[in-house]
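For the sequence shown, counting from 1, position 35 maps to 50 in the working numbering; every step adds exactly one.
Even glycine gets a Cβ: it sits at the ideal position worked out from N, Cα and C.
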Amino acid sequence: MLDELRQRVKNKKVLLLGVGNRLRGDDGVGPCLIERLQDKLNIPLIDASDVPENYLGPIEASGANLVLIVDAADFGASPGEMALIGLNQLKDISLSTHTANLSLLFQVIPAEKRPETLLVALQPGSTAAGRGLSEVVSDSLDGLEALFLQLFGK
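Next up, the structure:
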């Protein structure tokens, strides 16, 4: 997955969007990554928490032609595994606590301005309230953080 991601971002203007709820264990993986990378990358970062629909204006205004959404998603793998999922496949993925369907969310942006959108999904171990990231998901996040620093670091 990391090699595929490396290829997909070549020659793209990328925006990184962290989605999730920090109060629900591994569901907070997106915002945790954004926090770790703040002020370390040469690309725009948005911590959308669990309301990505509130950030469509800034996403559109960024001029990005590729949006990478980092989020916990149940795609039937072992906890901590990662997958790169296209926007058209999102309707088949459980997005834990989020109310907005990400596959429909970007349809609001006019087609000529709509960026390519990929979900960088991490399989959660637990989304129980009041817990931090599980060790296995935190370890996977370390690898993802290192990749983004390598690709987009200042």
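Put simply, the region 83-91 does not touch the region 123-130. Fewer than three CB pairs are less than 8 Å apart. ASP65 sits in coil when the DSSP states are folded into three classes, being neither helix nor strand. In this structure, the beta-carbon distance from LEU102 to SER118 falls below 8 Å. Rounded to the nearest whole angstrom, the C-alpha separation of ARG37 and SER149 is 12 Å. Around the beta carbon of GLN138, 16 or more other beta carbons lie within 10 angstroms, which makes this residue buried. Minimum Cα-Cα distance from GLY40 among the listed residues GLY140, ALA88 and GLU160 corresponds to GLY140. Annotation for ILE49: no beta strand (DSSP E) segment contains it, though the alpha helix (DSSP H) segment containing it runs 44-52. For GLY33, the enclosing beta strand (DSSP E) starts and ends at 29-34. Here the alpha carbons of PHE163 and SER155 stand approximately 13 Å from one another.
Each of ASN57, GLN165, GLY43 and PHE121 was checked against the Cα of LYS28, and the nearest Cα belongs to ASN57.
The alpha carbon of GLY45 has as its nearest neighbour, out of VAL34, ILE100 and LEU159, the alpha carbon of VAL34.
The beta carbon of ALA143 sits closer than 6 Å to the beta carbons of GLY40 from its chain, once the five residues preceding and following it are set aside; these are given in chain order.
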